[in-house]
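Visitor: Handing you a structure now.
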Amino acid sequence: MTWHEVFHQALDDDQCVNLDTDTMDVRLAYGCKISRDIETGRISILNTAIGGYDYAEVPWPIKEKFLSEGWKTGTDHLRVYSYRYKIDKIETSIQKIISNENTDEVIDDQSLGIVDRSDTIIINLKKLRVKLLNKYILTKNKLNEDN
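The sequence shown maps to residues 1 to 147 in my numbering.
And the structure:
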């Protein structure tokens, strides 16, 4: 499969949000932004689930999934990757807090989705970890059923 075929699958996906501009064709869905430069035809794909205000580049192993399995399954692989990334960050944060390191330097509120800072930050992190683990498991099981 080519990137143009993957892009056309995204165009046909009714779950995608159309963010076209004068110079770019853009679709956004499932934590993924795929865009095509109208002038050059160059296609880029970004992970909107991590990276804060600057979306992260999709890692090559996940890009390979898009090329081998298509848009929808590729986005499922990207979500699994993003959930795992966030779970790992949360676990690292919990470990650092427990070891009495400076909490302000440890927690990146924006990327973890924490709105309220309180004495119960570890409880909040654990709740968020459980929520992400459930999403991770559901998406991973879906991928396993499709194979």
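Cβ coordinates follow ideal geometry from the N, Cα and C atoms, glycine included.
1. Just to confirm, are Lys33 and Thr48 a CB contact at a threshold of 8 Å?
2. Out of curiosity, what's the CA-to-CA distance linking Val17 and Arg27?
3. Within 10 angstroms of its Cβ, does Gly74 collect 16 or more other Cβ (buried), or is it exposed?
4. Using only alpha-carbon positions, find the residue among Ser99, Pro59, Arg79 that is nearest to Leu138.
5. Which same chain residues end up closer than 6 Å to Leu46 when comparing Cβ atoms and leaving out the 5 residues on each side of it in sequence?
6. Helix, strand or coil for Ile50 per DSSP?
7. Which residues in the same chain as Phe7 place their Cβ atom closer than 7 Å to its Cβ, once the five residues preceding and following it in sequence are excluded?
Guide: With the given structure in hand:
1. yes
2. 6 Å
3. buried
4. Arg79
5. Lys33, Tyr55
6. coil
7. Excluding the 5 residues flanking it on each side, Phe7 has same chain C-beta neighbours closer than 7 Å at Ile34, Arg36, Ile43, in chain order.
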